[in-house]
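Encoded as structure tokens, the structure appears first; notes follow it.
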Amino acid sequence: MWIGDVLIRASAEGTQTYEINRNLVLTDGAQADSVPNLEIETGQIRGAGHASATGRFDDEQLFYLQARGIPEQEARRLVVRGFFADIIAKIPVAEIQGHLTQAVERELAATDTYGVPALQEDGPA
Numbered sequence: 004m005w006i007g008d009v010l011i012r013a014s015a016e017g018t019q020t021y022e023i024n025r026n027l028v029l030t031d032g033a034q035a036d037s038v039p040n041l042e043i044e045t046g047q048i049r050g051a052g053h054a055s056a057t058g059r060f061d062d063e064q065l066f067y068l069q070a071r072g073i074p075e076q077e078a079r080r081l082v083v084r085g086f087f088a089d090i091i092a093k094i095p096v097a098e099i100q101g102h103l104t105q106a107v108e109r110e111l112a113a114t115d116t117y118g119v120p121a122l123q124e125d126g127p128a
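Residue numbers (our numbering): 4 to 128.
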């Protein structure tokens, strides 16, 4: 659940704000709930808005990648990397970007794209 609270006080004239929540649903049964809240105490703002988007893997993206010889599991990982890379790139601190990118890579290595622990090479068949 994501709850976004924005309060624009009466003294905050000229404010411009926009809150957005994006979700990539990776497993069946998973859901994402968004509750964007805007409380505006002045009529003198430049703008305020909100949006929320929730989606599953785009079949066309997967088809495009698979049509170019990329196996489905790797194609799914590429889509997940792309989703997070777009978000991480907006963080202005390189050290934090690197830390988050490594965390995404660790998760992708430890699980398949459905959140199930990945089978090891010498694991059960």
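Quick reminder that beta carbons are idealized off the backbone N, C-alpha and C, glycines included. Owing to the predicted nature of the structure, the values given are computational and were not obtained by experimental measurement.
**OP:** Taking TYR21 as the reference, give the member of LEU29, LEU10 and ASP31 with the closest Cα.
**Re:** LEU10
Mind checking ARG192: buried by the 16 CB within 10 Å criterion, or exposed?
Within the shown structure, residues of the chain are numbered from 4 to 128, placing residue 192 beyond reach of any answer.
(Q) Along the chain, where does the alpha helix (DSSP H) containing ASP146 start, and where does it finish? (A) In the structure as shown, the chain begins at 4 and stops at 128. Residue 146 is therefore absent and cannot be evaluated.
Based on Cα-Cα distance, which residue from GLY17, GLN76, ILE43 and ILE91 lies nearest to GLN100? ILE91
Taking the beta carbon of GLN123 as the centre, do at least 16 other beta carbons fall within 10 Å, making it buried, or is it exposed?
Because GLN123 sits at a pLDDT of 42, beneath the cut-off of 50, its placement in the model cannot be relied upon, and the point is left open.
Other residues of its chain near ARG25: CB distance less than 6 Å, five sequence neighbours each side excluded: ALA56
Practice task
Grab me the residues of VAL83's own chain with a C-beta within less than 8 Å of its C-beta, minus the 5 sequence neighbours each way, in chain order.
Solution key: LEU27, LEU29, VAL107, LEU111 and THR116
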